[in-house]
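Here is the structure we will look at, set down as structure tokens.
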Amino acid sequence: MGRKLKKGKAGNAAQYLPRTQAVRKLQLRLSEFRRLCILKGVHPREPKKKAHGANKTYYHIKDINFLMHEPLLQTFRDLKVYDRKIRKAAAKQNAELAERLKNLKPGYKLDHLVKERYPSFLDALRDLDDPLTLVHLFATLPAEKRHGIPRNAVALARRLSMEFNAYVVRARALRRVFVSIKGFYYQAEIMGQAVTWLVPHQLAQVLPTDVDYRVMLTFLEFYSTMLQFINFKLYHTLGLRYPPSLDKSMEDAAQELSAIMEDLAGVRSAVEGQVEEQSKQLAALTAAEGEKKAA
Numbered sequence: 023m024g025r026k027l028k029k030g031k032a033g034n035a036a037q038y039l040p041r042t043q044a045v046r047k048l049q050l051r052l053s054e055f056r057r058l059c060i061l062k063g064v065h066p067r068e069p070k071k072k073a074h075g076a077n078k079t080y081y082h083i084k085d086i087n088f089l090m091h092e093p094l095l096q097t098f099r100d101l102k103v104y105d106r107k108i109r110k111a112a113a114k115q116n117a118e119l120a121e122r123l124k125n126l127k128p129g130y131k132l133d134h135l136v137k138e139r140y141p142s143f144l145d146a147l148r149d150l151d152d153p154l155t156l157v158h159l160f161a162t163l164p165a166e167k168r169h170g171i172p173r174n175a176v177a178l179a180r181r182l183s184m185e186f187n188a189y190v191v192r193a194r195a196l197r198r199v200f201v202s203i204k205g206f207y208y209q210a211e212i213m214g215q216a217v218t219w220l221v222p223h224q225l226a227q228v229l230p231t232d233v234d235y236r237v238m239l240t241f242l243e244f245y246s247t248m249l250q251f252i253n254f255k256l257y258h259t260l261g262l263r264y265p266p267s268l269d270k271s272m273e274d275a276a277q278e279l280s281a282i283m284e285d286l287a288g289v290r291s292a293v294e295g296q297v298e299e300q301s302k303q304l305a306a307l308t309a310a311e312g313e314k315k316a317a
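Going from the sequence shown to the numbering used here is simple: count from 1 and add 22.
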């Protein structure tokens, strides 16, 4: 007779962890755990048998092991240490030390996550609807310190949305437009893929207080990196440089899209001029060789 197995130690129930145990295993705060799950694309699961209670959030054990090998995990731990040091310096009223620690905080990039989640460019295009909608949403929002919306995030969202819209205009990829109470729905065909996104109406935005903007900003952080990759690839398919250089006077006058379109037109005409000049030189060489053979 074999040993009697304990409940929850084998089978389907052992494949899932409640969120509390997952956070403890990764040695993170709950906010950092949520952020890491969003960036890595890890979602909660619904097991058939909930061994730790029906009112808990569960994650697959393979997903947690997958998160344990993420390089950002150590970066988040280092950031937590720096935040603790900054709070201590502020409590001791040492403003100089606190400012120096803020400047020394380690940064990180999300490039490897984009390549990991989207192995091919077409995979990224198929999943472009939600990123475009969120980026266009933040492009219309004001920078609010009370809600934790930084100015640089809004500026980046606005620039990326303008660059993508300029590509759609230049490539003549727009296929459908629909106006609703939510805003303008656009659909473009890019490399055979239908991409649909929503642009809010240009009205005064009232930010609700029951929205977790930290979660939205985490999504925006990943989507901005993803859209930079996509814009870079799309611009190079048209033979255009990226990022486009803007006229400062037009940028100050809130005419970013016009400035981008002028830059694209200039680059395109220069490239076409070079191609035409090379074609003339090639034709002249061919004619000269033909005359030599005839003589």
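By construction, the Cβ of each residue, glycine as well, lies at the ideal position given by its N, Cα and C atoms.
All values reported here derive from a predicted model rather than from experimental measurement.
Report task. Return the first residue and the last residue of the beta strand (DSSP E) that residue 209 is part of. Result -> 205-212
Note to self: Using 8 Å for Cβ pairs, my map puts residue 56 next to residue 237. What's the rounded Cβ distance?
What the structure shows: 7 Å
Note to self: So for residue 172, helix, strand or coil by DSSP?
What the structure shows: coil
Mind reading off the beta-carbon distance from residue 67 to residue 91? Whole number of angstroms is fine, and I expect it under 8 Å. That pair is no contact at about 19 Å.
Counting Cβ pairs, one atom from each stretch, are 3 or more of them under 8 Å apart for the region 129-145 and the region 244-263?
yes
- Going by other Cβ atoms of all chains shown within 10 Å of its Cβ, with 16 needed for buried, is residue 187 buried or exposed? buried
Q. How would you label residue 228, buried or exposed, when you count the other beta carbons within 10 angstroms and need 16 or more for buried?
A. exposed
Give me whichever residues DSSP pairs with residue 181 in a beta bridge.
DSSP lists no partner for residue 181.
- prompt: Distance, Cα to Cα, residue 293 vs residue 262?
  reply: Model confidence at residue 293 stands at a pLDDT of 47, short of 50, so the residue's coordinates are unreliable; what they give is reported in the following sentence. Going from the Cα of residue 293 to the Cα of residue 262 covers about 9 Å.
* Taking the C-alpha atoms as reference points, what is the distance between residue 224 and residue 208? -> 15 Å
Review point. If we ignore side chains and look at the alpha-carbon of each, how far apart do residue 25 and residue 37 end up?
Key: 20 Å
| field | Contact under 8 Å by Cβ, residue 156 with residue 61 | value | no
Apply the 10 Å Cβ neighbour rule to residue 213 and answer buried if 16 or more other Cβ atoms are within range, or exposed otherwise. exposed
Q.
Given this structure, state the Cα-to-Cα distance separating residue 115 from residue 103, to the nearest angstrom.
A. 19 Å
**Q.** DSSP-derived helix/strand/coil call for residue 91
**A.** coil
For residue 110, tell me which candidate among 99, 100, 123 and 231 has the shortest Cα-Cα distance.
123
Notebook entry, point to check: Could you give the uninterrupted runs of the alpha helix (DSSP H) lying entirely in the region 192-263, keeping only those of 4 residues or more?
Noted result: 235-259
Does DSSP classify residue 61 as helix, strand or coil?
-> helix
Residue 297 by DSSP, collapsed to three states: which one?
Reliability of the predicted coordinates at residue 297 is poor, the pLDDT of 49 falling under 50, and no value is obtained from them.
(Q) Using 8 Å as the threshold, is the C-beta distance between residue 159 and residue 176 below it? (A) no
DSSP three-state assignment for residue 11, whether helix, strand or coil: In the structure as shown, the chain begins at 23 and stops at 317. Residue 11 is therefore absent and cannot be evaluated.
_Do residue 190 and residue 196 count as a contact pair if the criterion is CB distance below 8 Å?_
yes
message: Quick check on residue 126: does DSSP put it in helix, strand or coil?
response: helix
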